[in-house]
Ligand SMILES: N[C@@H](CCC(=O)N[C@@H](CS)C(=O)NCC(=O)O)C(=O)O
């Protein structure tokens, strides 16, 4: 987790900071939105979701993996947000881990609560799970046969994961997502979690929600009286 000691300069594309990820990964959207907002010129490498061959070197099993232009490797989305903010795209715009308890709290919320809440909704029925996997397999790097397998098998597996995520919450998935958005938006002060400008937690939570655009549950985000307008503000300023 975090910044790695060994430089991996051979993983840098075009001498630019390089993001290894999946197009549909919620945790990758966190990083993309921050990189865009800070105007960082970066490259993306699309990782094959079945083999993850493109990150076999990384000694880390999930995406995103970030490699700075000097070969510095950073693992885990929240750690990458801090690294990018501290090192790239001009002055730092928000506090580092441990310096702002509120930001730390909402960064953790993005992974521990919001990400799990959206999975419970997106994969809340077999039909929605199949629709999500149809989308995922149409945009990710799959061969036609892999895509077919991943769509149907993935829909079953993800439906089971959706069910297990739903069990983590007292409310039904849709009501739970709305309640989590109530909680999140209660912390806007007034426009963003960070105040009048976004902080790391805004990008973390926005990124998670951004990955649901076009999928089951996105209407709950869009129509939420406070989270909807905040989502649109985040989308506009990050141009994602
Ligand atoms: N805590 C990690 C979670 C990342 C994560 O779960 N990524 C998923 C894609 S959305 C992944 O790579 N899953 C494949 C695997 O874990 O094998 C982060 O924030 O970066």
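Numbering (this note's numbering), first residue to last: 12 to 251.
Glycine included, every Cβ here is placed at the ideal spot set by N, Cα and C.
Computed from a prediction, not measured in an experiment: that's the story for all the values here.
For residue i and residue j, I'd like the C-alpha separation in whole angstroms.
i: residue 59; j: residue 162; result: 14 Å
i: residue 112; j: residue 157; result: 44 Å
i: residue 334; j: residue 239; result: The requested residue 334 is not part of the displayed model; the chain covers only 12 to 251.
i: residue 137; j: residue 172; result: 11 Å
i: residue 98; j: residue 225; result: 33 Å
i: residue 1; j: residue 41; result: Because the chain here runs from 12 to 251, residue 1 falls outside it and cannot be looked at.
i: residue 95; j: residue 168; result: 34 Å
i: residue 61; j: residue 180; result: 29 Å
i: residue 149; j: residue 222; result: 15 Å
i: residue 229; j: residue 165; result: 20 Å
i: residue 142; j: residue 17; result: 41 Å
i: residue 64; j: residue 216; result: 28 Å
i: residue 205; j: residue 198; result: 9 Å
i: residue 72; j: residue 30; result: 15 Å
i: residue 116; j: residue 12; result: 18 Å
i: residue 212; j: residue 218; result: 10 Å
i: residue 93; j: residue 109; result: 11 Å
i: residue 129; j: residue 234; result: 15 Å
i: residue 151; j: residue 144; result: 10 Å
i: residue 231; j: residue 20; result: 43 Å
i: residue 88; j: residue 154; result: 27 Å
Just grab the DSSP bridge partners of residue i for me.
i: residue 78; result: 29 and 84
i: residue 168; result: Beta-bridge pairing links residue 168 to no other residue.
i: residue 11; result: Because residue 11 is not part of the residues shown, which for the chain are 12 to 251, the question remains open.
i: residue 203; result: 206
i: residue 24; result: 27
For chain D, is any of its Cβ atoms less than 7 Å away from the one on residue i?
i: residue 106; result: Note that chain D does not occur in the displayed structure, where there is just one protein chain.
At least 3 beta-carbon pairs within less than 8 Å: the stretch 67-83 vs the stretch 233-249
Using a Cβ-Cβ distance cut-off of 8 Å, the stretch 67-83 and the stretch 233-249 are not in contact, since fewer than three pairs of beta carbons, one from each stretch, lie closer than that value.
At what residue ranges does the stretch 50-75 contain a whole run of the beta strand (DSSP E), taking only runs of 3 or more?
If we require 3 residues or more, the beta strand (DSSP E) runs fully inside the stretch 50-75 come out as 54-57.
Taking 8 Å as the threshold, find out whether the stretch 109-129 comes into contact with the stretch 187-206 through three or more Cβ pairs.
Yes: at least three Cβ pairs fall under 8 Å.
Where are the alpha helix (DSSP H) runs, 4 residues long or more, that stay fully inside the stretch 86-120, in chain order?
Assignment of alpha helix (DSSP H) within the stretch 86-120, counting only whole runs of 4 or more residues, yields 88-98 and 112-120 in chain order.
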